[in-house]
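Asker: My questions will all concern the structure given below.
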Amino acid sequence: MTIYFYAHTDNRRSLRRLRRSAALAKELQKEFDVYFMTTEFRSATYARRELGIKKAVGIEDFRNIGTIAQRGDVIVYDSDEHSEVIHEEMIEFFGTFFRISYDPKTLKKDREILISPHLVGEGIINGLLIDRDFFDGGQKSLPRGFFYGDDDYGRELEKIAPKLASFELELIEGFYFFVDVEEKIEAYFKAIHPIEEYFDVIKASKTFLSFDPQTALEAAAAGARTLFIHKEAEEEYTPLIQRAGVLDGGYFDPARLQEALLRLEAPNRDYLSALSVEKVAREMVSILKTNT
Numbered sequence: 059m060t061i062y063f064y065a066h067t068d069n070r071r072s073l074r075r076l077r078r079s080a081a082l083a084k085e086l087q088k089e090f091d092v093y094f095m096t097t098e099f100r101s102a103t104y105a106r107r108e109l110g111i112k113k114a115v116g117i118e119d120f121r122n123i124g125t126i127a128q129r130g131d132v133i134v135y136d137s138d139e140h141s142e143v144i145h146e147e148m149i150e151f152f153g154t155f156f157r158i159s160y161d162p163k164t165l166k167k168d169r170e171i172l173i174s175p176h177l178v179g180e181g182i183i184n185g186l187l188i189d190r191d192f193f194d195g196g197q198k199s200l201p202r203g204f205f206y207g208d209d210d211y212g213r214e215l216e217k218i219a220p221k222l223a224s225f226e227l228e229l230i231e232g233f234y235f236f237v238d239v240e241e242k243i244e245a246y247f248k249a250i251h252p253i254e255e256y257f258d259v260i261k262a263s264k265t266f267l268s269f270d271p272q273t274a275l276e277a278a279a280a281g282a283r284t285l286f287i288h289k290e291a292e293e294e295y296t297p298l299i300q301r302a303g304v305l306d307g308g309y310f311d312p313a314r315l316q317e318a319l320l321r322l323e324a325p326n327r328d329y330l331s332a333l334s335v336e337k338v339a340r341e342m343v344s345i346l347k348t349n350t
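Residue numbers (the working numbering): 59 to 350.
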């Protein structure tokens, strides 16, 4: 059996959908053939090289899913690009339609299986998708890691970097950063790591500052005392951040940052483990075996 995945990616969005769905794909490809689709080709290459996905391809438009998958196949879908009509058409097209949504207000459709960290009930798998490699932790050799996000189209990091200089942060570059960013901000950070060192830096950090909520949860899973700073309202992630023992620092305020970093506590890894990607994969396998 082949299980198809689709995660929405583009250069003005975080790779959070890719990272969380790839974590699940890695688990399922231990038992099934997994074919992973992203919106654009660079992120598909990243999925293969860095996220452990064996087969991944960019398809440019989510409506091209049907040119690769066939009627009656199984898909795991992580996107909000669809209309209500297309949503219903996809459910009808696929034999089993799994949809990942972190929106606490989303409603499960008939004949779909919803994967949600917020909701429970019939036809819902309650789980939080974090790559299991983060739970292995590692030697905590870096005092303070930092991830601003994968994208910075408005070059906001360049504006706030001088205000971060005194904190001696080790920055992980974003996947979609402009090529000239490093030379403009390198003076303000203790070190700048390429995106290929994403896993290593997070696992090695004693303390972690993240402007991306998925990365904040991954840092917490790795055992780092973690602070999350908002770029925008994050209704999907805010309750999860709080339950995971990550300090929610609100929007960026350099005057309050030092105080926040001193108030960090150990994360609630038990909460993250209870909703693990392994749990989600097991429940999916059970559903698929029942349906075949």
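Note that the Cβ used here is the ideal one computed from N, Cα and C, for glycine as well.
Taking only runs of the alpha helix (DSSP H) that begin and end inside the segment 266-294, which ones reach a length of at least 4 residues, in chain order?
Answerer: Runs of the alpha helix (DSSP H) inside the segment 266-294: 271-279.
Asker: Check whether the segment 192-199 touches the segment 248-264, taking contact to mean three or more Cβ pairs, one atom from each stretch, closer than 8 Å.
Answerer: Taking 8 Å as the limit for Cβ pairs, the verdict is that the segment 248-264 does touch the segment 192-199.
Asker: Below 8 Å on the Cβ atoms is my contact criterion, and I expect ILE230 with PHE205 to pass it. Report the Cβ-Cβ distance as a whole number of Å.
Answerer: One-based indexing of the sequence shown puts residue 230 at position 172. One-based indexing of the sequence shown puts residue 205 at position 147. Confirmed, Cβ separation roughly 5 Å.
Asker: If I measure Cβ to Cβ from GLU30 and keep anything under 8 Å in the same chain, skipping five residues before and after, which residues do I get?
Answerer: The requested residue 30 is not part of the displayed model; the chain covers only 59 to 350.
Asker: How about GLU226 and ALA249: do their beta carbons lie closer than 7 Å?
Answerer: The residue labelled residue 226 in the question sits at position 168 within the sequence shown. The residue labelled residue 249 in the question sits at position 191 within the sequence shown. No; because the gap between Cβ atoms is not below 7 Å, this pair is not in contact.
Asker: With three or more C-beta pairs closer than 8 Å as the rule, is the segment 100-115 touching the segment 129-148?
Answerer: With a cut-off of 8 Å, the segment 100-115 and the segment 129-148 do not count as touching, because too few Cβ pairs lie within range.
Asker: How many whole angstroms separate the CB atoms of LEU105 and THR97, which I take to be in contact at a CB cut-off of 8 Å?
Answerer: Looking up residue 105 in the sequence shown gives position 47. Looking up residue 97 in the sequence shown gives position 39. In the sequence on display, residue 105 carries Ala and not Leu. No, ALA105 and THR97 are not in contact; Cβ-Cβ is about 12 Å, not under 8 Å.
Asker: Leaving out five residues on either side along the sequence, give the residues of the same chain with a beta carbon under 6 Å from the beta carbon of PRO312.
Answerer: For the purposes of this step, residue 312 is taken as the residue at position 254 of the sequence shown. So the list reads LYS221, once near-sequence residues are dropped.
Asker: Among ILE299, TYR309, MET59, whose alpha-carbon lies nearest the alpha-carbon of ARG327?
Answerer: Walking along the sequence shown from the start, residue 327 turns up at place 269. Ranking the options by Cα distance to ARG327, first place goes to ILE299.
Asker: Straight-line CA distance for LYS217 to GLN87?
Answerer: For this step, residue 217 is matched to residue 159 along the sequence shown. For this step, residue 87 is matched to residue 29 along the sequence shown. In a straight line, the C-alpha of LYS217 is about 42 Å away from that of GLN87.
Asker: Using 8 Å as the threshold, is the segment 172-183 in touch with the segment 231-250, meaning 3 or more CB pairs across them?
Answerer: With the cut-off at 8 Å, the segment 172-183 and the segment 231-250 do not touch.
Asker: Mapping the DSSP letters down to three states, classify ASN69 as helix, strand or coil.
Answerer: Mapped onto the sequence shown, residue 69 falls at position 11. Coil at ASN69, not helix or strand.
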